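Data first, discussion second: the structure below is written as structure tokens.
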Amino acid sequence: MAKTSTQGLQDLFLDGLKDIFYAEKKILKALPKMAKSASDTAVSEAFEKHREQTEGQVERLEEVFAMLDKAPRGKTCPAIDGIIEEGSEIMEEYKGTPAIDAGLVAAAQAVEHYEMARYRTLCAWAEELDMPEAAKLLKATLDEESATDATLAQLAESDANQRALQKAA
Ligand code: FE
Ligand code: FE
Ligand code: FE
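In structure tokens form, the structure reads like this:
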């Protein structure tokens, strides 16, 4: 039998939380490797700073799980696995070249864009489910992901892309 609409949305919301919880944990492990691979200090520092923010994002998700009386649990997210895998390829293939920072920034932006897509939806669903406190927490994280994306875009434009062009020169 079909679920009622609220039940369906609640299930989707919980599944979405598990998906992004899994993703954030993977990102926590990936960011230090990316910071180490960067040749530009500013890029490296941006990854380090976002790793610290990500710890807080995991805590926010734990709070939202608690609001649903659920234990925080992840569910494999094939999308983030793939995006991080692509980042690893960049690290291997462009190691020691002038293009490494531009490649890393692009890989990190793909991560942020995935997160932004998910958090935007989760915010909307939290509001739909009449969970304003959860929506607030999710929005705080969404804002951090957007700000990180903007910082990365700036780093790419100001410097990293120019260095990557050197290779062709
Ligand atoms: Fe995040
Ligand atoms: Fe996913
Ligand atoms: Fe992020």
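Residue numbers for the sequence shown follow this note's numbering, so the first one is 1 and each next one is one higher. For each residue, glycine too, the CB sits at the ideal point set by N, CA and C. Treat the numbers as computed from the prediction; the structure is a model and nothing was measured.
- Residue 123 and residue 98 have their alpha carbons spaced roughly 39 Å apart.
- At least one heavy atom of ligand 1 lies closer than 6 Å to the C-beta of residue 24.
- Close CB contacts of residue 39 within its chain, under the 7 Å cut and outside five residues either way in sequence, are with 100 and 101 (chain order).
- Comparing alpha carbon positions, the residue from 166, 7 and 157 closest to residue 43 is 157.
- The beta-carbon separation of residue 17 and residue 54, rounded to 16 Å, does not stay under the 8 Å limit for a contact.
- Around the C-beta of residue 92, fewer than 16 other C-beta atoms lie within 10 Å, and the residue is accordingly described as exposed.
- Using a 10 angstroms sphere on the CB of residue 150, the tally of other CB atoms stays under 16, which defines it as exposed.
- Distance between residue 47 and residue 120, taken at the CA atoms: about 22 Å.
- Counting along the chain, residue 149 sits inside the alpha helix (DSSP H) bounded by residues 132-155.
- Two segments are said to touch when three or more pairs of C-beta atoms, one from each, lie closer than 8 Å; by this definition the segment 9-23 touches the segment 124-134.
- Counted as a single uninterrupted DSSP element, the alpha helix (DSSP H) harbouring residue 121 occupies residues 100-128.
- Here the alpha carbon of residue 49 sits roughly 12 Å from the alpha carbon of residue 152.
- A direct Cα-to-Cα measurement between residue 57 and residue 164 gives close to 32 Å.
- In the DSSP annotation of this structure, the continuous segment of the alpha helix (DSSP H) that includes residue 78 starts and ends at 78-93.
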